[in-house]
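In this note's numbering, the protein residues as written are 326 to 496.
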């Protein structure tokens, strides 16, 4: 599966989603099963409370790795969310899970997958996505990124006059 992106009128770029495709395809089923289970009467209140605590952590500004750390910051949130959802579904009564999934027997492959493999696939994917974006917009990042970090400031375009520095008396 490939995703075609178009940024600000530039040429379109193609991103290969093949490494993360199985996880993306299973995600809607996993999320649906999790939320239906949260409201199912046969799932204990304690399990629901633990899952709710995980959801609160996911949306809170407190993080193990801050989100502003490019690429890595969001991966810890994704891993944590997957672990919470899978632990919740694993510990719920299996007859309830089978009913939610609409299967006679519990086909766990619909909602369970190896989180470590998924994390590695997404880390690799986000690294390649970051590389693609850096490659495509490297000039803009170099020009304006340095100015934002206190480095060399970008010169104003030719048609825009430079502002006078504050404190300079005008004659």
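Quick reminder that beta carbons are idealized off the backbone N, C-alpha and C, glycines included.
Query, Result
"Using the C-alpha atoms, what's the distance from residue 401 back to residue 472?", "Because residue 472 carries a pLDDT of 46, less than 50, the predicted location of this residue cannot be relied on, and the following value inherits that uncertainty. If you take the alpha carbons of residue 472 and residue 401, they lie about 30 Å apart."
"For the region 343-355 and the region 365-381, state whether three or more C-beta atom pairs, one from each stretch, are separated by less than 8 Å.", "no"
"Start and end of the alpha helix (DSSP H) containing residue 383?", "370-384"
"Helix, strand or coil: which one does DSSP assign to residue 344?", "helix"
"Should residue 407 and residue 359 be called a contact, given that it needs their Cβ atoms to be closer than 8 Å?", "no"
"How big is the Cα-Cα spacing for residue 333 and residue 341?", "Caution is warranted here: a pLDDT of 48 is assigned to residue 333, below 50, making its placement in the model unreliable, and no coordinate value can be reported."
"Quick one: grab the DSSP three-state call for residue 353.", "helix"
"Looking only at C-alpha atoms, which of 445, 436 and 369 sits nearest to residue 417?", "369"
"In angstroms with no decimal places, state the Cα-to-Cα distance between residue 405 and residue 433.", "19 Å"
"Out of 380, 363 and 351, point me to the one whose CA is closest to residue 575's CA.", "Past the boundaries of the shown model lies residue 575; the chain is included only from 326 to 496, so the question cannot be answered."
"Using CA coordinates, which residue listed in 439, 351 and 355 is at the minimum distance from residue 425?", "355"
"Report the CB separation of residue 440 from residue 351 in whole angstroms; it is logged as a contact under 8 Å.", "That belief does not hold up - the Cβ atoms of residue 440 and residue 351 are roughly 12 Å apart, past 8 Å."
"What are the start and end residues of the alpha helix (DSSP H) that includes residue 424?", "419-426"
"Please report how far the alpha carbon of residue 380 lies from the alpha carbon of residue 449, in whole angstroms.", "25 Å"
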